[in-house]
Amino acid sequence: MPEHRKFEQVTAKAHANIALIKYWGKRDEELFLPMNSSLSITLDKFYTETSVQFCGKLKKDVFIFNNNIADEAETTKVSNYLNQIRKMAGVERYAMVQSVNHVPTAAGFASSASGYAALASAAVRAIGLDIDQKKLTQVARIGSGSACRSIYGGFVEWTKGNLEDGSDCYAKQLENEDYWDLSILAIQLSAEEKSLSSRAGMKLTVDTSPYYEIWVKEAQKDLGTLKDALHHKDFEQLGQVTESNALKMHATTLGANPPHWYWEAGTISVMNQVRKLRDSGIPAYFTMDAGPNVFVLCQKKDQEVVEQTLLTLKEVQKIYVCQPGPGVSYLAK
């Protein structure tokens with residue numbers, strides 16, 4: 001590819017997602033190939049906007065995050081990722097990357113999915129690569145596994161694949177964001193940094209938990225049940241499988257050596273309150289990623305009563321009300 005051509009700045013916007021069937025464990029650490037397929041909802045409220053321009057004058061990559069020059073460790077991570085895109089395009093120019101995060105990461109919500117989905121989308125277009133959405137999910141995946149699901153809106157499946165090179169491992173949209181009128185309440189409980197990162201916790205669990213092998217089999221069964229619930233718009237089945245799958249995932253961490261857990265007292269309080277809501281006739285279901293915060297699924301008609309009930313808990317700091325959100329978009333200059 002000729003280096004003398006003009007490289008435009010491209011800005012992409014990508015949304016975070018919450019997995020209903022969890023991604024937990026890799027079969028290949030470098031290629032981010034998962035042990036099991038997963039399924040998520042893209043969230044409308046949480047997103048990242050990232051601009052990328054490849055410049056001949058730069059002597060190294062520059063990464064500006066939330067209007068501040070990023071530290072060396074973060075910049076190195078971005079550079080290493082861009083190296084793979086440069087290699088694909090046959091381009092050696094360094095890049096100016098500017099990213100603004102609209103995910104409350106200080107409150108413990110993860111932004112790697114929206115972050116790498118936005119970076120992948122902007123960088124691929126800025127460097128002049130012409131690839132389809134399926135390939136874009138694979139490019140996003142090598143930055144952060146769950147980022148592949150944020151390329152699409154609505155309900156998204158990440159297919160684990162079986163090939164060693166990962167060519168059959170990609171994300172696909174099952175239904176768009178307008179398919180089902182659901183609410184996803186993101187419950188902020190803690191702003192403290194996790195003692196064990198998702199990546200480290202995942203590897204420890206795969207390597208040492210006697211429950212892990214059972215998890216992989218159960219996750220595959222849960223995926224089929226959840227896809228059936230999605231097809232028939234059966235909310236109770238969707239909720240039951242979502243909740244059960246999250247609890248199975250967290251059970252694997254208790255069996256790891258050493259054991260670890262991501263829950264705090266507030267996590268348990270929210271789980272108990274959600275079950276009380278169900279006992280009172282309001283269908284609501286919880287799920288948690290590798291962290292203390294809880295996501296609660298309900299139907300839009302029940303959103304207000306679920307939100308107000310959970311706000312009575314002393315551990316709840318804030319609730320972000322989300323709906324199924326869109327896939328990646330490109331912003332005008």
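210 is the number that UniProt numbering gives to position 210 of the sequence shown; each next residue is one higher, with no gaps. We treat Cβ as the ideally placed atom computed from N, Cα and C, and that holds for glycine.
Please report the straight-line C-alpha distance between residue i and residue j, rounded to a whole angstrom.
| i | j | result |
| --- | --- | --- |
| P292 | R141 | 24 Å |
| N101 | N67 | 10 Å |
| V52 | T137 | 18 Å |
| G224 | C169 | 17 Å |
| P2 | P326 | The predicted position of P2 is uncertain, since its pLDDT is 47 and thus under 50; a value taken from the coordinates is nonetheless stated next. Answer to the nearest angstrom: the Cα atoms are 34 Å apart. |
| S167 | V139 | 11 Å |
| E218 | V270 | 25 Å |
| V301 | D222 | Residue 301 is actually Lys in this sequence, not Val. Whole-angstrom Cα-Cα distance: 26 Å. |
| G161 | A171 | 10 Å |
| E315 | D132 | 44 Å |
| V206 | F7 | 43 Å |
| C55 | F65 | 18 Å |
| T159 | E304 | 35 Å |
| N80 | E74 | 10 Å |
| D289 | A246 | 7 Å |
| S37 | I151 | 16 Å |
| K59 | P104 | 32 Å |
| G135 | D181 | A small correction: the amino acid at residue 135 is Lys; Gly does not occupy that position in the sequence shown. If I take the Cα positions, the gap works out to 29 Å. |
| K203 | R5 | 43 Å |
| E243 | A332 | 40 Å |
| T267 | V306 | 16 Å |
| G115 | A147 | 8 Å |
| L196 | Q98 | 28 Å |
So the beta strand (DSSP E) residue i belongs to, where does it begin and stop?
| i | result |
| --- | --- |
| R27 | 26-28 |
| residue 414 | This structure does not reach residue 414, given that the chain is present from 1 up to 333, and the question cannot be answered. |
| T287 | 284-287 |
| I187 | 182-188 |
| V156 | 155-159 |
| F65 | 62-65 |
| E175 | 170-175 |
| H102 | 94-102 |
| L129 | Element bounds for L129: n/a, residue is neither H nor E. |
| residue 369 | It is not possible to answer for residue 369, since the shown part of the chain is limited to 1 through 333. |
Measuring alpha carbon to alpha carbon, tell me which of the options ends up nearest residue i.
| i | options | result |
| --- | --- | --- |
| L297 | A19, Q9, L82 | A19 |
| T287 | I187, S99, A118 | I187 |
| L226 | A106, G239, D71 | G239 |
| A16 | R5, I41, Q303 | I41 |
| V62 | N272, S150, L82 | L82 |
| A106 | L230, K318, C148, T75 | K318 |
| E164 | K233, R5, R27, F7 | R27 |
| A95 | D71, V124, S111, S150 | V124 |
| I184 | L43, S37, T11 | L43 |
| A265 | I69, G145, L189, K134 | L189 |
| R199 | S150, G145, E175, K57 | G145 |
| W263 | A332, V294, F109 | V294 |
| K57 | E72, R93, K45 | R93 |
| L277 | Q308, T252, H250, V241 | Q308 |
| S111 | F46, I69, I85 | F46 |
| V274 | Q323, L311, K13 | L311 |
Just verifying my parser: in three-state terms, what is the DSSP assignment at residue i?
| i | result |
| --- | --- |
| M35 | coil |
| V321 | strand |
| H15 | strand |
| F295 | strand |
| L163 | coil |
| P2 | Here the model assigns P2 a pLDDT of 47, short of 50, so the residue's position is not dependable, and the following value carries that caveat. If DSSP states are grouped into helix, strand and coil, P2 belongs with coil. |
| S280 | coil |
| N272 | helix |
| L20 | strand |
| I151 | helix |
Would you say residue i faces chain D, with C-beta separation under 8 Å as the test?
| i | result |
| --- | --- |
| P326 | Within the model displayed, chain D is absent; a lone protein chain is all it includes. |
Considering just the uninterrupted stretch of the alpha helix (DSSP H) at residue i, what are its terminal residues?
| i | result |
| --- | --- |
| A246 | 235-254 |
| V306 | 303-311 |
| H231 | 212-232 |
| R86 | 72-89 |
| V316 | Here V316 belongs to no alpha helix (DSSP H), and DSSP marks it neither H nor E. |
| D207 | 198-208 |
request  = Determine contact between the stretch 154-166 and the stretch 205-215, defined as no fewer than three beta-carbon pairs at a distance below 8 Å.
outcome  = With the cut-off at 8 Å, the stretch 154-166 and the stretch 205-215 do not touch.
query = How do the stretch 119-130 and the stretch 85-100 stand: do at least 3 beta-carbon pairs fall below 8 Å, yes or no?
reply = In short, these stretches touch, since the Cβ pair count reaches three.
ask   = If you pair each beta-carbon of the stretch 258-266 with each one of the stretch 22-37, do three or more pairs fall below 8 Å?
value = No contact exists between the stretch 258-266 and the stretch 22-37.
ask   = Just checking, does the stretch 115-124 make contact with the stretch 42-57 on the three C-beta pairs under 8 Å criterion?
value = With a cut-off of 8 Å on Cβ pairs, the stretch 115-124 is in contact with the stretch 42-57, counting three or more such pairs.
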